[in-house]
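Before any comments, here is the structure.
Number of protein chains: 2
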Amino acid sequence: MSATRLLLLGTVRIFQPVHGYFVRRELLSWQADAWANLNPGSVYNGLRSLARDGFMEEVGTETEGGRPARTTYRLTGDGENEFLRLLRESLWMVARFEPDELMAGWSFAWALTRKEVIAALESRVEQIEASARAAVFAIEAIATQPDMPDTVAEHYRLGQARLDGEAAWARQLLERLRAGEYWFDGEPDPPWSSQPPGGARTLHGTAG
Amino acid sequence: MSATRLLLLGTVRIFQPVHGYFVRRELLSWQADAWANLNPGSVYNGLRSLARDGFMEEVGTETEGGRPARTTYRLTGDGENEFLRLLRESLWMVARFEPDELMAGWSFAWALTRKEVIAALESRVEQIEASARAAVFAIEAIATQPDMPDTVAEHYRLGQARLDGEAAWARQLLERLRAGEYWFDGEPDPPWSSQPPGGARTLHGTAG
DNA sequence: ACGTGATTATTCATGTTTGACTATCGCGTA
DNA sequence: TACGCGATAGTCAAACATGAATAATCACGT
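Sequence order for the protein chains is A and B. Note that the working numbering gives residue 98 to position 98 of the first sequence, counting from 1, and the numbers run on in steps of one. Note that the working numbering gives residue 1101 to position 101 of the second sequence, counting from 1, and the numbers run on in steps of one.
Here is the structure:
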């Protein structure tokens, strides 16, 4: 499971009704292409696939001037539920080898309450601490099994080391969230009540 | 680019001539399916694709008893070069969002010399330290750009935190490598001079 | 007035990944 | 000896991802 679906649902949710090119431009302006699959084909096919599954619906296909026709989308009720489901999954579940999941999840964490995001991050820290205790025994077991290459022990150590890094980030962020940093759902004065969100105005980032 | 190609090249290199089912069973016994794409289709298609590119060649297609015919492969000269190229790439290059690359690389690091692996890990630590210094300025810049969502700053922090975890692992492993842990190419007494490598004897791990 | 290059908006051939499915053999057990 | 389960060995349709290509428009300089 890639983070692309969550990114598409989340971005359409913010800007709807919106067309594929806009969604992609916005995500590139977040530099999300560094960690997610955002080639044109992935975005356009992802939108069509979400529409096929009933999570989005085509609003229309407008042709402005002589430019290519553009298909605009918006979320359905199911799409809103799917968005929240994927968002919670990405924040509450520790996906050991899918770094893009948490990246995508954090991008839309503000769609949940501060209370829930704090609880999710606390849960992640606990899961990672538990994983560290378990890894000790898994590594011991590897030495025992005669046919297991000993290099596999380092896979556990490296996997855990990266999780430890993530936990350090989470602890640090938790402090800042408790101190009031960032805006979350249900709080007054959203940052774009006066200034709507929107990233680069061009694909090559020559904004301005 | 996924780690599957390197895993297939490296595994065929050890056991050649070898057929797809054996390769897959071996990789599953390393628990590599936790972090790499090793579904049947990925393995069999990956082997065919490597053969198409001239990195492997079919040795034959034997039918033993009434079982399905099995196609056995071995590396070509180009395949050996491609293996070493991908291996070096995976060990020397820091791929920020592809944790499977280093996992796969370490699995076959013993095919290089201890000296080179130590140099590669030292280089990784330096790259990660440089990345940490750069991240400070990238995060500053985000606050400046009006259209960039502030959540993006956490993407830098999280990405760097995970790299910091990796660097901690690398420093720790470097100490152990300098102390002589693990066997590497060119050193006497390889661990399977008497005991050939080989993982679980069955797919479900009921080795005995 | 005209060329140049970036932007808009998307398609599509190709390649990779998924995981359900086929079909046979061998072994333990009731 | 009949039964069933797991191991063996792989195929295939469908889904997902890649990135070059298309083709019109617009901004800008000369």
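Backbone N, C-alpha and C fix where the C-beta goes; we use that ideal spot for every residue, glycine too.
Residue i, enclosing beta strand (DSSP E) - first and last residue
| i | result |
| --- | --- |
| TYR73 of chain A | 70-75 |
| GLY1060 of chain B | 1056-1062 |
Option nearest residue i by Cα separation, candidates the options
| i | options | result |
| --- | --- | --- |
| THR113 of chain A | A:GLN127, A:PRO99 and A:LEU87 | A:LEU87 |
| VAL1012 of chain B | B:GLY1041, B:ASN1039, B:GLY1046 and B:GLN1031 | B:GLY1046 |
| ALA1069 of chain B | B:ASP1078, B:TYR1156 and B:VAL1059 | B:VAL1059 |
| PRO146 of chain A | B:ASP1100, B:LEU1009 and B:TRP1030 | B:TRP1030 |
| LEU1084 of chain B | B:VAL1094, B:ASN1039, B:VAL1117 and B:PHE1097 | B:VAL1117 |
| ARG178 of chain A | A:GLY54, A:ALA119 and A:ALA95 | A:ALA119 |
| GLU1166 of chain B | B:ASN1039, B:GLU1187 and B:GLU1101 | B:GLU1101 |
| SER49 of chain A | A:GLY20, A:ARG133, A:PHE97 and A:THR144 | A:GLY20 |
| GLU129 of chain A | A:GLU154, A:ALA32 and A:ASP164 | A:ASP164 |
| GLY1010 of chain B | B:ALA1095, B:THR1063 and B:MET1103 | B:MET1103 |
| LEU75 of chain A | A:VAL94, A:ASP53 and A:ALA95 | A:ASP53 |
Rounded C-alpha distance that separates residue i from residue j
| i | j | result |
| --- | --- | --- |
| GLU245 of chain A | PHE22 of chain A | In the structure as shown, chain A begins at 1 and stops at 208. Residue 245 of chain A is therefore absent and cannot be evaluated. |
| LEU1027 of chain B | ALA1036 of chain B | 10 Å |
| LEU1121 of chain B | GLY1180 of chain B | 15 Å |
| VAL152 of chain A | ALA51 of chain A | 42 Å |
| SER1131 of chain B | GLN1160 of chain B | 7 Å |
| ASN1081 of chain B | GLU1057 of chain B | 14 Å |
| ARG1005 of chain B | GLY1041 of chain B | 13 Å |
| LEU158 of chain A | GLN1016 of chain B | 29 Å |
| ALA1003 of chain B | LEU1091 of chain B | 12 Å |
| GLU1089 of chain B | TRP169 of chain A | 28 Å |
| GLY77 of chain A | ALA111 of chain A | 16 Å |
| PRO1149 of chain B | ARG1067 of chain B | 58 Å |
| GLN1172 of chain B | PRO1188 of chain B | 24 Å |
| TYR73 of chain A | ILE14 of chain A | 12 Å |
| ARG1024 of chain B | ARG1124 of chain B | 30 Å |
| LEU7 of chain A | ASP1185 of chain B | 45 Å |
| THR1061 of chain B | THR1071 of chain B | 4 Å |
| SER107 of chain A | ILE1142 of chain B | 14 Å |
| GLU1038 of chain B | PRO99 of chain A | Note that residue 1038 of chain B is Leu in the sequence shown here, rather than Glu. Distance between the alpha carbons of LEU1038 of chain B and PRO99 of chain A: 19 Å. |
| LYS1115 of chain B | TRP1183 of chain B | 12 Å |
| VAL1043 of chain B | PHE1097 of chain B | 22 Å |
| ALA34 of chain A | GLU126 of chain A | 28 Å |
| VAL1018 of chain B | VAL136 of chain A | 34 Å |
| ARG162 of chain A | THR1063 of chain B | 45 Å |
| ARG133 of chain A | HIS1155 of chain B | 27 Å |
Residue-chain proximity (residue i, chain B), Cβ-Cβ < 9 Å
| i | result |
| --- | --- |
| ARG13 of chain A | no |
| VAL23 of chain A | no |
| ALA130 of chain A | no |
| LEU158 of chain A | yes |
| ALA134 of chain A | no |
| GLN172 of chain A | yes |
| THR206 of chain A | Because the pLDDT at THR206 of chain A is just 41, under 50, the model does not fix this residue reliably, and the point stays unresolved. |
| ARG162 of chain A | yes |
| ALA111 of chain A | no |
| ALA143 of chain A | no |
| GLN209 of chain A | Here chain A comprises residues numbered 1 to 208, so residue 209 of chain A is not present and cannot be evaluated. |
| LEU84 of chain A | no |
| GLU89 of chain A | no |
| SER2 of chain A | no |
| GLY165 of chain A | yes |
| SER107 of chain A | yes |
| LEU38 of chain A | no |
| MET56 of chain A | no |
| HIS155 of chain A | yes |
| ALA34 of chain A | yes |
| ALA69 of chain A | no |
Which residues DSSP lists as bridging residue i, in chain order
| i | result |
| --- | --- |
| VAL18 of chain A | A:TYR73 |
Segment limits, alpha helix (DSSP H) that includes residue i
| i | result |
| --- | --- |
| MET1103 of chain B | 1099-1107 |
| TRP96 of chain A | The residue asked about is misnamed: residue 96 of chain A is Arg in this sequence, not Trp. From DSSP, ARG96 of chain A is part of no alpha helix (DSSP H); its letter is neither H nor E. |
| THR1151 of chain B | 1151-1178 |
| PHE1137 of chain B | 1114-1144 |
| ALA1046 of chain B | The identity of residue 1046 of chain B in the sequence shown is Gly, whereas the question assumes Ala. First-last of the alpha helix (DSSP H) with GLY1046 of chain B: 1040-1052. |
Closer than 9 Å to chain A by CB, residue i
| i | result |
| --- | --- |
| PHE1097 of chain B | yes |
| ASP1189 of chain B | no |
| VAL1152 of chain B | yes |
| SER1029 of chain B | yes |
| PRO1149 of chain B | yes |
| TYR1182 of chain B | yes |
| MET1093 of chain B | no |
| ALA1179 of chain B | no |
| ILE1185 of chain B | Reading off the sequence, residue 1185 of chain B comes out as Asp, not Ile. Cβ-Cβ to chain A under 9 Å: no for ASP1185 of chain B. |
| LEU1102 of chain B | yes |
| ALA1051 of chain B | no |
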